[in-house]
Structure formats: C-alpha cells, structure tokens
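The next block holds one structure in the form of structure tokens; read it before the comments.
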Amino acid sequence: MSPVTAGVLQLLALIAALALAYRPLGDYMARVYSSEKHYRPEKWIYKAIGANPSAEMRWPAYLRAVLAFSAVSVLFLYLLQRLQGSLPGSLGFVSIDPDQAFNTAASFVANTNWQSYYGEQAMGHVVQTGGLAVQNFVSAAVGMAVAVALVRGFSRSRTGELGNFWADLVRGTVRILLPVAVIGAIVLVACGVIQNFAGIHEVGQFTGGTQQWNGGAVASQEVIKELGTNGGGYFNANSAHPFENPTPFSNLFEIFLILVIPFAMTRTFGKMVGSVKQGYAILATMGIIWLGFTALMMWTEFAHAGPAFDVAGGAMEGKETRFGIGGSSIFAVATTLTSTGAVNSFHSSYTGFGGGITMLGMQLGEIAPGGVGSGLYGMLIMAIIAVFIAGLMVGRTPEYLGKKIGTREIKLAACYILITPALVLCFTAAAMALPTPANSMTNSGAHGFSEILYAYTSGANNNGSAFAGLNADTQWFNSTIGIAMLLGRFLPMVFVLALAGSLAEQKPVPETAGTLRTDKPLYAGLLVGTILIIAGLTYFPALALGPLAEGLAA
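Have a look at this one:
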C-alpha cells in the first residue's frame with residue numbers, strides 16, 4: 120500500500136468514527152447542560168466550594184466567577200511548582216524558577232499548555248498529576264461553560280440570565296470529560312501507553328551506555344490532554360514519544376479524541392437553540408475548512424521535490440516513521456485547527472507551505488472545529504460577522520437565530536476578533552525589534568521569523584504547540600508568552616459573555632421572507648469566505664515574511 124493511500128484511508132476511518140459519535144455525544148451534552156438535576160457527588164462539590172448551583176447568573180456575575188476560578192487556579196498551580204522541591208513524589212526535581220512557573224501556570228489554566236521545559240526532566244508526579252492533569256480537566260470545562268452561556272443567549276429571551284457557571288463547570292467535568300477520559304485511558308493503556316508511578320530508572324543501550332527513563336501516570340494525562348484540547352505532554356517529545364503514542368492506531372485514536380467534542384458541540388448547539396439544522400450549518404463550515412486544510416497539508420508534505428523526497432516518499436524530516444506523512448499531517452492539522460497543541464512531529468521540519476498551514480490554522484481563531492467550547496463560541500462570533508456582512512449587502516438589519524445584530528452586538532464581536540491578532544502581531548514585532556529575544560532563534564531569515572511568529576500565534580490563540588528551534592525558556596519569552604496566553608484566553612471571554620447577555624435580553628424577531636436563512640449551504644459558504652478573508656487580510660503580511668517566503672524560495 121502506498122503512503123498516500125494509507126493516509127487517505129486513515130482520514131476516511133477518522134471521519135467515520137467522528138460521524139458515529141456526533142449525534143449521541145452531541146445530544147448527551149445538550150441534556151447535561153439543560154438538566155435541572157444535581158447528582159450527589161456534584162452536591163458535595165457545591166457544598167465544599169459554597170456555591171448555589173440553582174442560582175441564575177447575569178453575564179457580569181458569570182464572568183466574575185470565570186475569572187475568580189481561573190485566578191485561584193493560576194495561583195495554586197504556581198505555588199505547587201515553586202514548592203515542588205519540598206513535596207513528596209518530586210523524583211528529586213528542584214522547584215521551578217519563578218518566570219517558568221508563571222508561564223506554566225498561565226499556560227495550563229488558559230487551556231494552552233505551552234511548555235518551555237522538558238517534562239521528564241522538570242516535573243515530578245505531584246505537579247504532573249495533581250497540578251497539570253487537574254487543569255487539563257477544569258480549563259476545558261471552563262471553555263465549554265462559556266460556550267454554553269453564549270448558546271443560552273441565543274435560546275433565551277427577555278432575560279439576562281445565562282445559567283450558573285459553577286453548575287456548568289462541575290457538570291462539564293463530572294458528566295462529560297471524566298467518563299470519556301476513563302474509557303479513553305483504558306484504550307490507551309491497551310495500546311501500550313504507560314500508566315504507573317515509577318521513578319527514574321536507567322536502561323541499558325546497545326552502545327554500552329545507559330539512558331534514564333521516567334515512569335508516570337501517562338495514559339490518564341494523555342487522554343485528557345487530547346480530549347480537552349489541552350496538548351501539554353508528559354514527555355518533551357509529546358505525542359511523538361512511544362510512551363505517549365506508541366502505535367498508528369493510538370495515533371488515530373488520539374486525533375479522534377482531539378476532534379470529537381468540538382465537532383459534537385455543534386449538535387449540542389443545534390439542540391439547545393431548537394434547530395439541529397443550524398448546528399449542521401456550523402458543522403459544515405467547520406468540516407469544509409478542516410478537510411481543506413488536511414488535503415493541503417497532505418499534498419504539500421507528499422509532494423516530491425528532489426532525490427531525498429523521492430527516496431523517503433515525501434517530506435519525512437522531523438516525522439515518526441511509525442506514523443508516516445499521512446498520520447503526521449492529519450495530526451498536525453487537527454492540533455492546530457483546535458487549541459490542542461499536541462504534536463507527533465516537528466512542525467519546524469515541515470515544508471515552508473506546510474509550516475504556514477499550521478500557523479494559518481491557529482490564526483483563523485482555531486474554530487474548525489476549535490477547542491472544546493472555545494471553537495464553538497469563536498465560530499458563532501464569526502457567524503454573527505457573516506450575517507452582518509450579508510445584511511449590509513441587501514440593506515436590512517441583520518438577524519441571527521431570531522436575534523437582531525445591532526450596534527452593540529457587532530462592536531462586541533469586532534472586539535473579539537481584534538484581540539488575538541493584536542497580541543500576536545505586537546508581541547512578534549517587539550521580539551524581532553529587540554536584540555535579546557532574536558538571540559533565541561536557531562535559524563535566521565524567513566524560517567527564524569516563523570519561529571517567533573509561530574510562538575506568539577500559538578500562545579495568544581491558546582494552542583500551545585511549538586515550531587521547534589526557538590529557545591523559549593528565557594525570561595522574555597516566559598513572561599510575554601505567559602501574558603499573551605492569559606489575555607488571549609480571558610479577554611475574548613469578556614466580550615463573548617457580554618454578547619450573550621445582550622442577546623438573552625432581546626425579544627425574538629419573527630422570521631420574514633427577507634430573513635437570511637442561516638441553515639442553508641449558501642450561508643455556510645458565506646461563513647467560510649468570511650473566515651478566510653478576515654484571517655487572510657489580518658495575517659497575510661506576516662505570513663508573507665515567514666512561511667510563504669520560505670516556501671517560494673524552496
């Protein structure tokens with residue numbers, strides 16, 4: 120079987136698995152977030168934190184709860200790292216330096232999981248399992264809660280109430296993420312992913328030397344790393360490490376975990392607003408972009424351009440032979456079109472255009488299908504922009520799901536889409552202008568610029584993957600990327616929740632003959648075009664200096 124055929128078959132198998140899970144998982148999540156029943160373990164949690172899960176919140180209260188919970192999480196994770204040297208189960212590792220502890224705390228709480236450290240050489244069992252893995256669950260649940268709050272904004276009328284954050288947080292964790300993670304961890308263990316609390320041990324090599332290997336609760340952390348679109352690896356090699364991702368089947372299963380909740384949440388959206396067709400329209404938009412990017416990535420990486428490519432069957436540099444170009448390309452697109460950031464190959468070693476595809480996937484806002492929760496609310500913001508543009512074309516007040524998109528709504532949506540590009544481009548410009556940050560680049564020219572552009576794109580978009588080659592473990596990058604991650608995560612949430620509150624207060628507008636049908640293929644095409652144009656106009660000059668220049672020069 121040729122490598123191209125193998126890659127296509129993997130893609131078809133992945134699509135089939137996602138299709139099978141789409142309806143049952145989407146319907147189940149809709150029931151979870153619409154339920155008024157509280158299970159006994161959930162009541163224990165509410166009692167412990169002093170929350171009333173039945174009290175409805177307006178958007179300012181919902182936002183305060185999100186920010187308060189996240190701030191406490193950052194502080195807890197920071198202190199846990201700073202105290203690691205005094206904790207049991209530290210494997211002899213010292214406490215983490217202040218700048219790196221801040222960067223890591225901000226990263227995992229912001230669902231970014233950017234890592235400027237070697238996991239197996241820095242973090243002990245307590246920090247890995249009691250700190251990082253816990254944030255993999257709750258940071259994902261925060262994103263899902265904010266998305267559900269926006270959906271309620273569309274479905275409710277004449278009220279500013281968006282639900283209860285604490286109930287949404289606990290239900291997302293206990294009823295959705297935890298059960299699926301338990302099943303997924305068992306599958307990964309069966310595939311060969313390790314799960315233990317062993318210490319550091321030396322393994323002999325054929326050359327006569329030895330190598331030190333860590334044990335760890337890897338399967339349980341690996342599954343939520345992918346399922347919650349987190350991405351932080353137990354080991355520095357991330358999902359290229361055989362302890363995290365040992366076989367082609369485990370590779371495909373991990374891609375499935377990355378995509379299943381973001382895609383299924385479009386079904387949840389459709390059920391909660393009372394029109395599954397609206398969910399299918401959003402799903403179609405996400406699917407078109409995801410398939411298009413995957414096809415482009417596979418084409419660029421399989422393209423033969425010289426004797427080395429001919430012998431290897433494509434651009435195999437930086438890729439695992441057990442996954443090949445097909446499995447690596449599908450993984451790379453899945454992880455950069457979501458907020459996952461896990462990698463099973465070095466993106467820096469991709470072709471110039473291939474590296475550009477990974478960057479552009481993040482720069483779209485990671486909405487195809489995006490992160491758990493964040494992908495849905497990001498796509499709904501773009502849907503509002505598309506409706507507004509269509510309204511300008513025909514000269515009528517734009518409407519979406521029976522809600523008028525007026526001045527307030529479009530200002531909030533515009534602020535949302537401007538935040539991340541401003542963070543990416545301003546921090547990249549500052550790093551290139553100052554002498555010290557540029558010293559961290561391994562490469563010069565277009566590829567070196569891509570290293571820095573990728574780092575801030577990844578951080579501000581809460582992705583967390585690295586281009587490789589950039590020494591990011593410096594005070595400058597730890598601090599600035601940490602700030603970009605926090606601002607890129609929580610500033611957009613301010614505008615999402617404000618928009619949700621504004622929509623929930625409106626009275627539904629009856630549909631007329633002039634209403635734009637947002638559940639039709641024409642609208643899905645308009646939405647795809649809007650997304651590509653906005654991202655293209657924003658980032659094209661920067662991409663032209665980096666991956667495009669490198670690709671054209673090859």
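In my numbering, the protein residues as written are 120 to 673.
C-beta: ideal position from N, C-alpha, C; glycine also.
Note that the structure is predicted; figures quoted are calculated from it, not measured.
Item	Value
Close-in-space but distant-in-sequence residues of the same chain around Ser394 (CB under 6 Å, 5 per side omitted)	none
Segment contact flag, the segment 201-212 with the segment 294-314, C-beta cutoff 8 Å, min 3 pairs	no
Coarse secondary structure for Leu233, derived from DSSP in three states	For clarity, residue 233 is Trp in the given sequence; the question names Leu instead. Residue state, collapsed to three classes: coil.
Which of helix, strand or coil DSSP assigns to Gln331	strand
Residues near Gly250 by beta carbon distance below 6 Å, same chain, minus five either side	Leu196 and Leu199
Glu570 - DSSP class collapsed to helix/strand/coil	helix
Gly262: first and last residue of the uninterrupted alpha helix (DSSP H) it sits in	Ala252 to Ser274
CB of Met478 within 8 Å of CB of Thr576, strictly	yes
Proximity of Asn103 and Ser235 at Cβ, strictly below 8 Å	This structure cannot settle anything about residue 103, because the visible part of the chain is limited to 120 through 673.
Met612 classed as buried or exposed, judged by whether at least 16 other C-beta atoms fall within 10 angstroms	buried
Under 8 Å between C-beta atoms of Thr413 and Ser458	no
7 Å CB neighbourhood of Ala225 in its chain, flanking five on each side removed	Val193, Gly601, Met604 and Leu605
Which of helix, strand or coil DSSP assigns to Met560	strand
Every unbroken alpha helix (DSSP H) inside the segment 582-650 [4 residues or more]	594-624
CB of Val506 within 8 Å of CB of Leu610, strictly	no
Beta-carbon gap between Leu376 and Gly291 smaller than 8 Å	no
C-beta atoms of His466 and Gly460 nearer than 8 Å	no
Whole-Å CB distance - Ala317 paired with Leu346, under 8 Å assumed	Ala317 to Leu346, Cβ: 24 Å. No contact.
Tyr519 burial status per 10 Å Cβ neighbour count (16 or more: buried)	buried
For Arg441, the three-state DSSP class (helix, strand or coil)	coil
Within 8 Å, strictly: CB atoms of Ile476 and Leu415	yes
Given 8 Å, three or more beta-carbon pairs between the segment 624-642 and the segment 256-269	no
Close-in-space but distant-in-sequence residues of the same chain around Ala403 (CB under 8 Å, 5 per side omitted)	Pro640 and Ala643
Residue of Leu410, Ala533, Met384 and Ser369 minimising C-alpha distance to Ile401	Met384
Cβ-Cβ distance between Thr657 and Pro540 below 8 Å	yes
Cβ contact (3+ pairs, closer than 8 Å) linking the segment 142-157 and the segment 226-233	no
Within-8 Å CB hit, Met120 to chain D	The chain labelled as chain D is not found in the depicted structure, where only one protein chain is given.
Straight-line Cα distance separating Ile571 from Gly564	11 Å
Residue environment, Arg386, which counts as buried when at least 16 other CB atoms sit within 10 Å	buried
Option in Val615, Gly567 and Ser468 with minimal Cα separation from Lys530	Val615
Residues bridged to Glu155 (per DSSP)	In the DSSP output, where bridge partners are listed per residue, Glu155 has none listed.
Length of the line joining the Cα atoms of Ile295 and Ile380	9 Å
Backbone CA spacing between Leu544 and Gly578 [nearest angstrom]	12 Å
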